[in-house]
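For this note's numbering, count along the sequence shown from 1 and bump the result up by 400. All residues carry an ideal CB built from backbone N, CA and C; glycine is no exception. Since this is a predicted model, take the numbers as computed values, not measurements. Below is one structure, written out as structure tokens; comments come after it.
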Amino acid sequence: MNASAKGLAALLPPRFTLGVATAAFQIEGALDEDGRGPSGWDVFAAKPGSIVEDHSPAIACDHYHRMPEDVALMKELGIDSYRFSLSWSRVQPGGSGPVNPAGLAFYDRLIDLLLANGIAPMATLYHWDTPLELDDAGGWMNRDTAYRLGDFAAIAAAAYGDRVSRWVTVNEPATVSTNGYMLGLHAPGEALMLKALPSVHHQLLGHGLALQALRAAKVPGEIGITNVYSPMVPASINPLDKIGAGLMDMAQNRLYADPVLLGKYPDAVRTAAFFSSFDPSSEDMALISQPLDFYGLNYYMPTRVAAGPGDGAVPKGMAEAMGDDLGGSASGSPFHITSFPDTETTAYGWPIKPEYMGVALAEMARRYPDLPPVYITEGGASFEDLEIRDPEGRLIIPDERRVRYLADHIAAAIEATSPGGAAESIDLRGYYVWSLMDNFEWSGGFKQQFGLLHVDSGTQTRTKKASYYWLQEVLSARNRAASPAVPGAEAVPA
Ligand code: BGC
């Protein structure tokens, strides 16, 4: 394991950022404390049957109370940067109107502590936890929510703009629209199918307005958006499988990347009848496609697509892990997601295919010639980790599969973007591991563990897994190899 840590360290390009990522709702808990307002996710998660085994996010990782301990663990890990999200309803409880000083102060302390420990803050403005008042008014189906996000960005810029190194406006709008508005598997639990399309445009508009607000505030940090990207692979040479894969590619990848990077929706979307009542103005498209300092890409897996309804929209294990019954939504579906043959999967049933990291980057490079520098803003894997006790009763978690997943994916991303690689035109700046710690995995509850740190749900004790020690070794090997003048942490804008 150490050898591969050194091997990976040797591959890292100069100034490549290695970080870890989390999101507020998944780790903070303290949902009713210090003036935080309710979010749509509070309500959705409390509905019986929404979350696997009805797990509750009320405490999550108790990060709200244990933040200094968590920063100390990041410092010890040696990461360059920490990607976290601001809980909108902690900072601005109603989603508009007055701010909550105690909420603002929490992130103030977090950012200061990160900087004091040489860790560059990357702040996500919107990672799915919409304030309830906004959800009650239609959430992302309501154009007004985009303007509220713009206002929230201005608040965040005024409070933290001097200290945040990188901003992500919106995280994975595809997941919010697909799971939250089309299928009803995430908050706000709407199953609007194709009628959910305005939620796509409004999130992208929210991105554009947030970007505009951050630019108006002249924040020195870099600004980008994060989209998830999954290469779509036809299950066979059957032309119908190919058509299915093309449709999925459009619905999950291009629908979100094209407007931001090309300034237009894919032609098929624009001409589709279901979009006819919805005609985005050129002003909106100009806001959405403003130049970015970086593009955030989340890569977890490729998706294999086959024609016909199959046994369900997704493989059975995957649906169960999400606590969803996708049978209903699959009926009559012209295509479905199917397993890759002979392929190891994560606890979620996601295929482990590091070679498709290179494919994802190559497709991005080909489609978007003006792509700005890229950060992989998330990547990681959930496993049912083995938990063993040493003779003194201490917990040991040898999560070698996670180590292998991370090592293979980081290496694949670097190789693809190196000279001669399939995506050599991409300026790849870093990789953030999802996640620092096991946390509330949305509708998957606490069953899907992605962390470098194990979190005991009773005592909240953090235990370092083998993957934590491995990443620590990668970072220290990199730092040893660099000249003494190059410290572990990168420069943070003043
Ligand atoms: C999201 C995270 C999530 C992770 C694993 C991404 O889609 O941004 O919030 O926990 O994937 O499912």
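query: How about G429 and R483: are their beta carbons less than 7 Å apart?
result: By one-based count along the sequence shown, residue 429 stands at place 29. By one-based count along the sequence shown, residue 483 stands at place 83. Not in contact: G429 and R483 (Cβ atoms no closer than 7 Å).
field: Where K847 falls, given that 16 or more other Cβ within 10 Å makes a residue buried
entry: Residue numbering aside, residue 847 sits at position 447 when the sequence shown is read from its first letter. Around the C-beta of K847, 16 or more other C-beta atoms lie within 10 Å, and the residue is accordingly described as buried.
- prompt: For Y547, which residues of its own chain have a beta-carbon under 7 Å away from its beta-carbon, when the five flanking residues on both sides are left out?
  reply: Your numbering for residue 547 matches position 147 in the sequence shown. So the qualifying residues of the chain are L609.
field: Alpha-carbon to alpha-carbon, Y629 and G728
entry: Position 328 of the sequence shown, counting from 1, holds the residue named residue 728. Position 229 of the sequence shown, counting from 1, holds the residue named residue 629. The predicted position of G728 is uncertain, since its pLDDT is 46 and thus under 50; a value taken from the coordinates is nonetheless stated next. G728 and Y629: Cα-Cα distance of roughly 26 Å.
message: Give me, in chain order, the residues of the same chain whose beta-carbon lies closer than 6 Å to that of D442; leave out the 5 immediate sequence neighbours on both sides.
response: Position 42 of the sequence shown, counted from the start, is the residue given in the question as residue 442. If we look at D442 and ignore the five residues flanking it on each side, its Cβ neighbours are L431.
message: Beta-carbon within less than 6 Å of A686's beta-carbon, same chain only, minus the 5 sequence neighbours each way: which residues are those?
response: Taking the sequence shown and counting its residues from 1, one reaches residue 686 at position 286. Cβ within range, chain order: n/a, list empty.
task: Spatial neighbours of A762 within its chain, please: CB distance less than 6 Å, with the 5 preceding and 5 following residues excluded, ordered by chain position.
output: Your numbering for residue 762 matches position 362 in the sequence shown. A822, A823, listed in sequence order.
- prompt: Starting from I555 and walking both ways along the alpha helix (DSSP H), at which residues does that stretch end?
  reply: As a position in the sequence shown, residue 555 is number 155, starting the count at 1. Element bounds for I555: 544–560.
field: 6 Å CB neighbourhood of T703 in its chain, flanking five on each side removed
entry: Locating residue 703 in the sequence shown gives position 303, counting from the first residue. Contacts found: S630, M632, I737.
task: Check the C-beta distance from I451 over to A445 and give it rounded, since I have them as a contact under 8 Å.
output: The residue given as residue 451 occupies position 51 in the sequence shown. The residue given as residue 445 occupies position 45 in the sequence shown. Right, their Cβ atoms sit about 5 Å apart.
task: Give the straight-line distance between the Cα atoms of G503 and G561, rounded to the nearest whole angstrom.
output: Within the sequence shown, numbered from 1, the residue matching residue 503 stands at position 103. Within the sequence shown, numbered from 1, the residue matching residue 561 stands at position 161. Using only the alpha carbons, I get a separation of about 16 Å.
Own chain, CB closer than 6 Å to R543, minus 5 neighbours either side, in chain order: Locating residue 543 in the sequence shown gives position 143, where the first residue counts as 1. Excluding sequence neighbours, R543 sits near H602.
Counted within 10 angstroms of its Cβ, other Cβ atoms place N571 as buried (16 or more) or exposed: Along the sequence shown, one-based indexing puts residue 571 at 171. Counting Cβ neighbours within 10 Å, N571 comes out buried, since at least 16 surround it.
message: Can you determine whether any heavy atom of the ligand BGC sits closer than 6 Å to the C-beta of A423, and answer yes or no?
response: Residue mapping note: residue 423 aligns to position 23 of the sequence shown, counting from 1. Yes - the ligand BGC has a heavy atom lying nearer than 6 Å to the Cβ of A423.
- prompt: Can you list, in chain order, the stretches of the beta strand (DSSP E) that have 3 or more residues and sit fully within the region 741–824?
  reply: 774–778
query: Does the Cβ of T569 lie closer than 6 Å to at least one heavy atom of the ligand BGC?
result: The residue labelled residue 569 in the question sits at position 169 within the sequence shown. Judged by the Cβ position, T569 fails to qualify as a neighbour of the ligand BGC at the 6 Å threshold, every heavy atom of the ligand being at least this far.
message: Can you tell me whether K716 is helix, strand or coil according to DSSP?
response: Here residue 716 corresponds to residue number 316 of the sequence shown, with the count starting at 1. Here DSSP, grouped into helix, strand and coil, assigns K716 to helix.
message: Between L604 and V660, how many whole angstroms is the CB-CB distance? I'm expecting something under 8 Å.
response: For this step, residue 604 is matched to residue 204 along the sequence shown. For this step, residue 660 is matched to residue 260 along the sequence shown. About 7 Å separates the two Cβ atoms, so the contact holds.
- request: Could you tell me the boundaries of the beta strand (DSSP E) in which R566 lies?
  value: For the purposes of this step, residue 566 is identified with residue 166 of the sequence shown, where counting begins at 1. Its beta strand (DSSP E) spans residues 566–571.
Length of the line joining the Cα atoms of L532 and S496: By one-based count along the sequence shown, residue 532 stands at place 132. By one-based count along the sequence shown, residue 496 stands at place 96. Cα to Cα, L532 sits roughly 11 Å from S496.
task: Quickly, what does DSSP pair P634 with across the bridge? List them, please.
output: By 1-based counting over the sequence shown, the position of residue 634 is 234. Its beta-bridge partners are V705.
field: Residue ranges of each beta strand (DSSP E) within the region 492–552, 3 or longer
entry: 520–526
Candidates I814, D808, A596, R766: closest to G538 by CA position: Residue 538 sits at position 138 when you count from the first residue of the sequence shown. For G538, the nearest C-alpha among the options comes from A596.
message: Using C-beta distances below 7 Å, list every residue in its chain close to A673, excluding the 5 sequence neighbours before and after it, in chain order.
response: Along the sequence shown, one-based indexing puts residue 673 at 273. Caution is warranted here: a pLDDT of 49 is assigned to A673, below 50, making its placement in the model unreliable, and the coordinate value is therefore given only provisionally. Nothing meets the Cβ criterion.
- request: Could you work out which residue in L852, R767, L806 is closest to D785 when comparing CA atoms only?
  value: As a first step, residue 785 is located in the sequence shown; it is residue number 385 there, counting from the start. Checked all of L852, R767, L806; the closest Cα to D785 is L852.
query: Does any heavy atom of the ligand NAD sit closer than 6 Å to the C-beta of E433?
result: Of the ligands this structure carries, namely the ligand BGC, none is the ligand NAD.
message: Measuring straight from C-alpha to C-alpha, what distance separates V499 and P493?
response: Here residue 499 refers to the residue found at position 99 when the sequence shown is read from its first residue. Here residue 493 refers to the residue found at position 93 when the sequence shown is read from its first residue. Here the C-alpha atom of V499 lies approximately 7 Å from the C-alpha atom of P493.
- prompt: So does the region 689–708 actually touch the region 742–755, counting three or more Cβ pairs closer than 8 Å?
  reply: yes
task: Find out if the Cβ-Cβ distance for the pair S843, L585 is shorter than 7 Å.
output: The residue you call residue 843 lines up with position 443 of the sequence shown. The residue you call residue 585 lines up with position 185 of the sequence shown. Yes, they are a contact pair.
task: Quick one: measure Cβ to Cβ for D827 and V774, integer angstroms, because I've assumed they're closer than 8 Å.
output: Residue mapping note: residue 827 aligns to position 427 of the sequence shown, counting from 1. Residue mapping note: residue 774 aligns to position 374 of the sequence shown, counting from 1. Rounded, the Cβ-Cβ distance is 7 Å, consistent with contact.
- prompt: In terms of DSSP beta bridges, what is T738 paired with?
  reply: Working through the sequence shown from its first residue, we reach residue 738 at position 338. Partner(s): R704.
task: List in chain order: all unbroken alpha helix (DSSP H) runs of 4+ residues lying wholly within the region 401–477.
output: 402–411, 424–427, 440–446, 463–477
query: By a C-beta neighbour count over all protein chains shown, 10 Å radius and 16 as the cutoff for buried, is A657 buried or exposed?
result: The count along the sequence shown starts at 1 and reaches residue 657 at position 257. The residue in question, A657, is buried, as its Cβ has 16 or more Cβ neighbours within 10 Å.
task: Measuring alpha carbon to alpha carbon, tell me which of H465, E476, T863, E433 ends up nearest S876.
output: Here the question's residue 876 lines up with position 476 in the sequence shown. Ranking H465, E476, T863, E433 by Cα distance to S876 puts E476 first.
- request: Determine the burial state of T578: buried for a count of at least 16 other Cβ atoms within 10 Å of its Cβ, exposed for fewer.
  value: The count along the sequence shown starts at 1 and reaches residue 578 at position 178. The residue in question, T578, is buried, as its Cβ has 16 or more Cβ neighbours within 10 Å.
- request: With a threshold of 16 other CB atoms inside 10 Å of the CB of P791, please say whether the residue is buried or exposed.
  value: Translated into positions along the sequence shown, residue 791 becomes position 391. So P791 counts as exposed.
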